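Accompanying notes for the structure given below.
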Amino acid sequence: MSRFNPQAVDRRWQKAWETAGTFAADTASDKPKSYVLEMFPYPSGRIHMGHVRNYTMGDVLARYKRMTGHEVLHPMGWDAFGMPAENAAMEKKVHPGDWTRANIAAMRDQLKSLGFALDWSRELATCEPDYYGQEQALFLDLYAAGLVYRKESAVNWDPVDMTVLANEQVIDGKGWRSGATVERRKLSQWFLKITDFADDLLAGLGELDQWPDKVRLMQENWIGKSRGLRFRFTLDQRINGQSNLQVFTTRPDTIFGASFVAVAADHPLAQKVAEKNADAQAFIAQCQAGGTSAADIESAEKLGFDTGITAAHPFQPEWELPVYIANFVLMDYGTGAVFGVPAHDQRDLDFARKYGLPVRRVVADGDETASDFEGDEAWSGEGALVNSRFLDGMDIEDAKAAVISRAEEEGWGEGTTEWRLRDWGVSRQRYWGTPIPIIHCEDCGPVGVPKDQLPVVLPEDVDFDTPGNPLDRHPSWKNVDCPQCGTAARRETDTLDTFVNSSWYFIRFASQPDDKPFDKAEAESWLPVGQYIGGVEHAILHLLYARFWTRALNRIGMLDVKEPFAGLFTQGMVTHETYQMGDGSWLSPDEVTREGDDWVHIEHGEPVKAGRVEKMSKSKKNVVDPDPIVDQYGADAVRWFMLSDSPPERDLPWSEAGIEGSWRFTQRLWRLIDGNEAGEGEDKDLDRKLHQTIEGIGEDIETLSFNKAVAKLYELTNAIEKAAASESRTVAVRTIVRLVAPMVPHLAEQAWEALGESGMVADAPWPNVDPSLLVEDEVTIAIQINGKLRDTLSAAKGTSKADLEALALGSDKIARQLDGNEPKKIIVVPDRLVNIVA
RNA sequence: GCGGACGUGGCGAAACCGGUAGACGCUGCAGACUUAAAAUCUGCUUCCCGUAAGGGAGUGCGGGUUCGAGUCCCGCCGUCCGCACCA
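Now the structure itself:
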């Protein structure tokens with residue numbers, strides 16, 4: 000009997016698939032189409048285990064779909080623009096393009112070594128002009144359709160490096176390189192009108208029944224449709240010529256609990272106050288220090304500045320509320336101004352306690368109705384309105400409606416729908432991205448680059464010695480003539496957010512003509528993606544942007560598909576134990592070894608502390624590189640491990656013992672197949688097991704429950720091993736090759752060939768279930784007393800309730816337990832259990 | 001701060017509609033084969049009491065519904081993810 004030798008076999012079949020064009024997707028095929036897609040990788044340099052897991056899952060599904068008669072599109076490409084390339088350029092003095100392309104080449108080889116069933120003929124990289132040029136064309140189409148506009152928006156400004164920072168480059172309010180306190184600075188930037196589609200994006204979630212509920216809920220909350228009241232406070236003085244201050248609230252019911260009004264630091268009222276008040280100016284400056292991210296802003300200490308202005312309560316003009324400038328009010332949401340109800344909002348309560356403002360209860364917390372609110376925990380739950388005049392006794396919803404209709408009658412406010420979703424800012428002040436195809440002309444304003452001049456190609460001759468955007472200081476690229484009037488003008492130097500690249504790559508995979516972004520009919524023959532697989536970290540932004548982009552293409556008539564991804568699966572991370580020396584420094588898994596129950600350094604034997612199992616990360620050095628693992632154990636063992644044990648949506652802890660186990664299994668499987676001896680006769684138990692497995696695995700793969708499919712294959716393997724030679728056993732061996740083919744394709748091809756089958760197993764049909772072989776005739780019945788298991792017995796399937804009851808009462812163990820007592824009641828669940836209540 | 005999820009043996013987990021908790025894998029232990037080792041094979045492996053037969057406890061914690069709860073309800077605790085310029 001031979002051994003399974005992946006070092007010899009893997010490459011052989013990878014070449015065979017490539018030569019035969021096995022996985023090339025044929026648009027003209029009349030088979031049912033299936034589009035399987037995993038989120039394309041950023042070419043960071045090496046494939047990591049997270050990629051291997053992600054792509055293995057998609058691969059199993061793609062191969063299974065092929066075997067069940069589908070024409071499968073399973074492509075791969077590169078999300079190739081982004082900051083790491085520029086960081087590498089600064090640190091290693093390499094051009095971002097060279098760095099990126101070298102990374103792509105290395106990672107492509109790595110992916111190929113894993114034997115994924117990919118259609119490489121459709122490979123694309125977003126950093127190449129043939130991709131981003133088409134993206135520029137789409138941008139211009141959206142611009143023409145009125146879906147693109149410019150407005151002022153805040154960025155993180157590093158005053159020392161004189162550059163814009165990404166949120167992740169702001170650490171505790173400081174720039175990551177310079178250490179300088181970051182400022183919020185306003186720049187004129189490009190926006191896409193995603194809010195035009197807010198209602199539709201929300202409504203569309205309802206039809207995405209193959210998406211995880213949690214993702215739909217997260218998107219729903221992100222879009223954040225809320226019904227509320229927009230109304231005007233009358234101020235005691237005119238500011239900017241206005242004596243009104245417009246606010247928005249989702250809780251108009253709590254209007255009688257108001258104790259202050261607050262505006263954002265960049266609200267016009269705040270700006271006006273600051274003109275004459277140095278303290279206000281200083282406060283605003285303080286609010287604008289630190290990063291722009293919501294997490295930073297909202298978790299900071301609540302601070303306010305009393306402007307001295309007061310606002311009259313709409314129901315009682317002599318009741319005056321102080322107007323504050325506050326650091327937790329966001330200019331981007333609602334009107335940038337709110338009223339604070341400390342008793343029923345935690346932020347407002349913290350603020351009121353800090354500044355000694357009144358705290359009035361207006362919603363009863365059970366029996367608690369007193370106007371004076373005690374304690375430091377706001378009550379945001381349900382309750383009847385109290386201390387609220389005409390609202391008293393109403394529930395929250397009725398009170399909201401009552402206040403809105405009163406405001407509308409009296410003319411000082413109106414019920415509105417507000418969205419948390421904001422328009423998508425796509426401007427990035429960086430080099431390594433899609434150039435925005437706009438030329439700024441003094442006379443004509445922003446003018447789109449004519450389509451026959453696309454692509455606007457990034458200049459190659461740039462340097463990264465100075466921080467900031469090299470496009471900005473590249474005169475020959477930047478200075479051009481206006482396409483409209485011909486006078487001197489300048490190119491837009493901002494590039495597009497990389498989320499734009501990933502908002503349509505799945506369409507380009509389906510159709511990639513040279514002269515346009517995609518062919519409508521061809522793209523529509525594949526779309527929507529049947530199963531999209533990627534990390535949960537993309538649950539909101541990427542997926543929402545792609546859904547928006549698809550709708551935008553819809554509106555301009557380029558595509559009739561509305562939802563890009565019919566099925567979505569979010570997979571868990573690959574984790575590993577962490578190791579630390581006594582001094583706190585991290586060690587990588589290959590620097591440590593086990594001695595008994597303890598870990599020590601592999602070279603000098605010093606003790607090592609094994610820590611928590613965490614996401615693999617460079618900073619904690621708990622990273623395992625797939626390459627040497629594939630070399631040692633072969634692609635199939637790695638793939639098998641990726642599918643085993645952990646449910647795919649949960650984290651998968653990588654372990655040396657685990658990959659060893661997978662390796663042993665591949666060898667065992669090979670021995671089972673290669674060592675099968677012909678026999679006579681049928682083996683009914685094995686037949687049943689086989690067909691139960693065929694049925695179960697099909698379901699498991701379709702629901703991406705790979706860990707369950709793996710467990711069933713172990714059970715079947717165990718059963719075949721134990722079975723004596725027979726015709727049934729030979730059939731089982733021939734069948735299991737096809738059942739494992741999506742998971743361990745190299746081994747399966749080799750076995751298929753060894754068994755003398757014709758063609759490739761990748762093209763073989765998936766085995767059929769014979770329902771007549773699934774029937775069980777004996778079942779085990781549990782016998783409980785008061786819900787506790789006391790005995791089990793075996794009975795023919797379908798035994799009547801009365802017979803089961805008699806059998807149960809006839810058991811010695813039960814008689815002993817009952818000790819002569821009469822059962823009060825007996826519950827019988829046929830084919831399952833008998834529960835005796837004593 | 002806001003939003004979302006998750007929690008079952010030493011470990012990863014399974015358990016379909018509320019019906020035998022722990023399938024399957026890993027680890028560990030014992031044994032077989034071997035001159036020896038590796039590989040392989042066999043058995044055991046939730047915890048506690050007990051030589052055993054057997055008994056008791058048990059699905060993060062505290063309550064509840066039910067003949068019966070890992071599963072349903074209420075309240076906690078812990079961990080992880082996202083928060084619009086990381087991708």
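In terms of numbering that gives the first Met the number 0, the first sequence opens at residue 0 and continues consecutively. Backbone N, C-alpha and C fix where the C-beta goes; we use that ideal spot for every residue, glycine too. On a predicted model such as this, the values are computed, not experimentally measured, just so you know.
- If you compare the alpha carbons of T334, A294 and K275 with that of T306, the shortest gap goes to K275.
- Distance from the CA atom of W221 to the CA atom of S112, rounded to whole angstroms, is 40 Å.
- In the three-state reduction of the DSSP assignment, Q783 falls in the strand class.
- A377 sits away from P434, with the two beta carbons spaced by 8 Å or more.
- Looking only at Y504, A299 and G172, the smallest Cα-Cα distance to M38 is reached by Y504.
- When the five nearest sequence neighbours on each side are left out, the beta carbons in the same chain lying within less than 8 Å of the beta carbon of V402 are those of L228, P251, D252, I254 and L390, in order along the chain.
- In this structure, R737 is the residue among L123, S725, R737 and N621 with its C-alpha nearest to the C-alpha of P764.
- Under the 10 Å beta carbon count, A488 is surrounded by 16 or more other beta carbons and is classified as buried.
- When the five nearest sequence neighbours on each side are left out, the beta carbons in the same chain lying within less than 6 Å of the beta carbon of T494 are those of R427, R429, G432, T433 and P434, in order along the chain.
- For L200, the enclosing alpha helix (DSSP H) has its first and last residue at A197 to L204.
- From the listed residues G333, T497 and K301, the smallest Cα separation to R352 is found for K301.
- In the same chain as D790, and ignoring 5 residues on each side of it, the C-beta atoms closer than 7 Å to its own belong to I782, S810, K812 and I813, in chain order.
- Residue environment: R546 is assigned as buried (16 or more neighbouring CB atoms within 10 Å of its CB, all protein chains considered).
- With a cutoff of 8 Å on beta-carbon distance, P454 and Q241 are scored as not near each other.
- Under the three-state reduction of DSSP, T248 is assigned to strand.
- The DSSP-derived three-state label of H690 is helix.
- Residue environment: R360 is assigned as buried (16 or more neighbouring CB atoms within 10 Å of its CB, all protein chains considered).
- Contact between the stretch 643-657 and the stretch 703-712 is present: three or more C-beta pairs spanning the two stretches fall below 8 Å.
- In the three-state scheme derived from DSSP, where H, G and I count as helix and E and B as strand, E602 is classed as coil.
- In chain order, A794, K796 and D830 place their CB closer than 7 Å to the CB of V778, counting only its own chain and leaving out the 5 sequence neighbours on each side.
- A straight-line Cα-Cα distance of about 60 Å links A753 and V836.
- Going by DSSP, W653 is part of no beta strand (DSSP E) at all; its letter is neither H nor E.
- Excluding sequence positions up to five before and after E219, its CB lies within less than 7 Å of the CB of L201 and L204, all in the same chain and listed in chain order.
- Fully enclosed alpha helix (DSSP H) runs of no fewer than 4 residues occupy 497-500 and 504-509 of the stretch 476-520, in order along the chain.
- In terms of Cα proximity to L671, the closest of G335, L356, L420 and K721 is K721.
- Spatial neighbours of L552 in its own chain (CB-CB distance under 6 Å, excluding positions within 5 residues in sequence) are listed in chain order as L558.
- Here S426 is bridged, per DSSP, to L495.
- Residue environment: T692 is assigned as buried (16 or more neighbouring CB atoms within 10 Å of its CB, all protein chains considered).
- Around the CB of E182, 16 or more other CB atoms lie within 10 Å, so the residue is classed as buried.
- Here the stretch 670-684 makes no contact with the stretch 617-632; the two share fewer than three CB pairs at distances below 8 Å.
- Three or more Cβ pairs closer than 8 Å define a contact, and the stretch 516-534 meets that threshold against the stretch 563-570.
- If you draw a straight line from the Cα of I437 to the Cα of N166, it comes to about 26 Å.
- Note: F568 is bridge-paired with I532 in the DSSP secondary-structure output.
- Between the beta-carbon of A634 and that of R62 there is about 13 Å, and that puts the pair past the 8 Å contact cut.
- Residue pairing by DSSP puts W156 in a beta bridge opposite V163 and E182.
- Contact between C484 and D451 is ruled out by a C-beta separation of about 18 Å, above the 8 Å threshold.
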